[in-house]
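Engineer:
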Amino acid sequence: DAGVIQSPRHEVTEMGQEVTLRCKPISGHNSLFWYRQTMMRGLELLIYFNNNVPIDDSGMPEDRFSAKMPNASFSTLKIQPSEPRDSAVYFCASMLAGAADTQYFGPGTRLTVL
Amino acid sequence: AQSVTQPDIHITVSEGASLELRCNYSYGATPYLFWYVQSPGQGLQLLLKYFSGDTLVQGIKGFEAEFKRSQSSFNLRKPSVHWSDAAEYFCAVGATGGGADGLTFGKGTHLIIQP
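Chain order of the listed sequences is A and B. Quick note on the working numbering: the first sequence kicks off at 1 and runs consecutively. Quick note on the working numbering: the second sequence kicks off at 1001 and runs consecutively.
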């Protein structure tokens, strides 16, 4: 199993630009999570999907952030426009909900907004 | 809402010595508890989890943790640390189904191993 795949691994962009982070969950998993890790706030849940449907997006910081899951094998997290305070590591995780499973994390995308 | 406190930001341990990392949680019902480890530049790897049953759980890499409901704690232990254990350790709590509605993490404990 390839595990959770995230791309890109590193992204450097300028303030005001659009940023798209991508995630491929583990095959067969039905839940997908986006987390953000910063020094100040630690690891925070941004949004999660179950069976491709967004269930809870209360962690999304503001309207500049959006996430989609068009199918079971792909999700995106978009920031438009980006700001320096969005600089963080963004993790995607997936799990098989309802099977006493646990979340498996991808390697993360390190985003730097200049 | 649930919360997790890891009181120690940094811990330094000599190689071969024992280790205990503290974790306290706040949650009204029976929690699902986890310990993850993060090496520099890497994602999070699950060390162990507690869902129910035996309150002493064994994990990978020789780690164990004990759930103490009366103390709202889930401390991580290892009898003898190796230099490769140097990393960031996160305790997390989930409310339902193993964290199916997301995990709440502590701020982490940075483990330093002295030769």
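Every residue gets a Cβ at the ideal spot worked out from N, C-alpha and C, and that includes glycine.
1. Using the Cα positions of S1018(B) and S1080(B), report the straight-line distance between them to the nearest angstrom.
2. Whole angstroms are fine: how far does the CA of I1009(B) sit from the CA of N1024(B)?
3. For a cutoff of 8 Å on Cβ pairs, would you count S31(A) as touching chain B?
4. Can you check whether the C-beta of G1043(B) is within less than 8 Å of a C-beta belonging to chain A?
5. Tell me which residues share the same chain as V1057(B) and place their Cβ nearer than 8 Å to its Cβ, disregarding the 5 neighbours each side in the sequence.
6. At a CB-CB cut-off below 9 Å, which residues of chain B make contact with Y48(A)?
7. In this structure, how does DSSP classify D56(A) when only helix, strand and coil are distinguished?
8. W34(A) bridges to which residues according to DSSP?
9. Are I1113(B) and A1086(B) closer than 8 Å when you measure CB to CB?
10. Between the alpha carbons of M69(A) and N52(A), how many angstroms are there, rounded?
11. Check the Cβ-Cβ distances between F1074(B) and every residue of chain A, and say whether any is below 8 Å.
12. Sort Q103(A), P81(A) and A2(A) by Cα distance to V113(A) and report the nearest one.
13. Between T109(A) and Q37(A), how many whole angstroms is the CB-CB distance? I'm expecting something under 8 Å.
14. Are the C-beta atoms of F1067(B) and some chain A residue less than 8 Å apart?
15. Alpha carbon to alpha carbon, how far is P1031(B) from L96(A)? Give it in angstroms, no decimals.
16. P1040(B) to E14(A), Cα distance in whole Å?
17. For D101(A), which of L32(A), H10(A) and I55(A) has the nearest alpha-carbon?
18. May I have the straight-line CA-CA distance separating L77(A) from I47(A), to the nearest angstrom?
19. Going by DSSP in three states, Q80(A) sits in which element: helix, strand or coil?
20. Please report the straight-line C-alpha distance between S1073(B) and R1022(B), rounded to a whole angstrom.
21. Assuming Q1002(B) is part of the beta strand (DSSP E), what are its boundary residues?
Structural biologist: Straight from the coordinates:
1. For the purposes of this step, residue 1018(B) is taken as residue 18 along the second sequence, with counting starting at 1. For the purposes of this step, residue 1080(B) is taken as residue 80 along the second sequence, with counting starting at 1. Approximately 5 Å between the Cα atoms of the pair.
2. The residue you call residue 1024(B) lines up with position 24 of the second sequence. The residue you call residue 1009(B) lines up with position 9 of the second sequence. Using only the alpha carbons, I get a separation of about 14 Å.
3. To locate residue 31(A), count along the first sequence from 1; it is residue 31. Residue contact check for S31(A) against chain B: a CB pair falls below 8 Å.
4. Stepping through the second sequence from its first residue, residue 1043(B) is reached at position 43. Yes - at least one Cβ of chain A is within 8 Å of the one on G1043(B).
5. In the second sequence, counting from the first residue as 1, residue 1057(B) sits at position 57. Excluding residues within five positions, the ones whose Cβ falls inside 8 Å are L1048, K1049, Y1050, E1064, A1065, E1066 and F1067.
6. In the first sequence, the residue the question calls residue 48(A) occupies position 48. Ordered by position in chain B, the residues that pass the 9 Å Cβ test against Y48(A) are A1100, D1101 and G1102.
7. Taking the first sequence and counting its residues from 1, the one referred to as residue 56(A) is at position 56. Of the three classes helix, strand and coil, the one that applies to D56(A) here is strand, per DSSP.
8. Locating residue 34(A) in the first sequence gives position 34, counting from the first residue. Its beta-bridge partners are I47(A) and C92(A).
9. Sequence index remark: in the second sequence, residue 1113(B) carries index 113 (1-based). Sequence index remark: in the second sequence, residue 1086(B) carries index 86 (1-based). For the pair I1113(B) and A1086(B), the CB atoms are nearer than the 8 Å cut-off.
10. Counting from one through the first sequence, the residue named residue 69(A) turns up at place 69. Counting from one through the first sequence, the residue named residue 52(A) turns up at place 52. So the two alpha carbons sit approximately 5 Å from each other.
11. Here residue 1074(B) is taken as the residue at index 74 of the second sequence, counted from 1. Answer no: the Cβ-Cβ gap between F1074(B) and chain A never drops below 8 Å.
12. Here residue 113(A) corresponds to residue number 113 of the first sequence, with the count starting at 1. Comparing Cα-Cα distances from V113(A) to each of Q103(A), P81(A) and A2(A), the minimum goes to P81(A).
13. Within the first sequence, residue 109(A) is the residue found at index 109, counting from 1. Within the first sequence, residue 37(A) is the residue found at index 37, counting from 1. Not confirmed; about 11 Å, so no contact.
14. Against the second sequence, residue 1067(B) aligns to sequence position 67. For F1067(B), the answer is no, since every Cβ of chain A falls outside 8 Å of its Cβ.
15. Here residue 96(A) refers to the residue found at position 96 when the first sequence is read from its first residue. Here residue 1031(B) refers to the residue found at position 31 when the second sequence is read from its first residue. Between L96(A) and P1031(B), the alpha-carbon positions lie close to 18 Å from each other.
16. Residue 1040(B) sits at position 40 when you count from the first residue of the second sequence. Residue 14(A) sits at position 14 when you count from the first residue of the first sequence. Cα to Cα, P1040(B) sits roughly 25 Å from E14(A).
17. The count along the first sequence starts at 1 and reaches residue 101(A) at position 101. The residue from L32(A), H10(A) and I55(A) with its alpha-carbon nearest to that of D101(A) is L32(A).
18. Here residue 77(A) refers to the residue found at position 77 when the first sequence is read from its first residue. Here residue 47(A) refers to the residue found at position 47 when the first sequence is read from its first residue. Across the structure, L77(A) and I47(A) are spaced so that their CA atoms are roughly 10 Å apart.
19. Counting from 1 along the first sequence, the entry for residue 80(A) is found at position 80. Correct three-state label for Q80(A): coil.
20. The residue labelled residue 1073(B) in the question sits at position 73 within the second sequence. The residue labelled residue 1022(B) in the question sits at position 22 within the second sequence. When only Cα atoms are considered, S1073(B) and R1022(B) end up about 7 Å apart.
21. As a first step, residue 1002(B) must be located in the second sequence, where it is residue number 2. No beta strand (DSSP E) holds Q1002(B); DSSP gives it neither H nor E.
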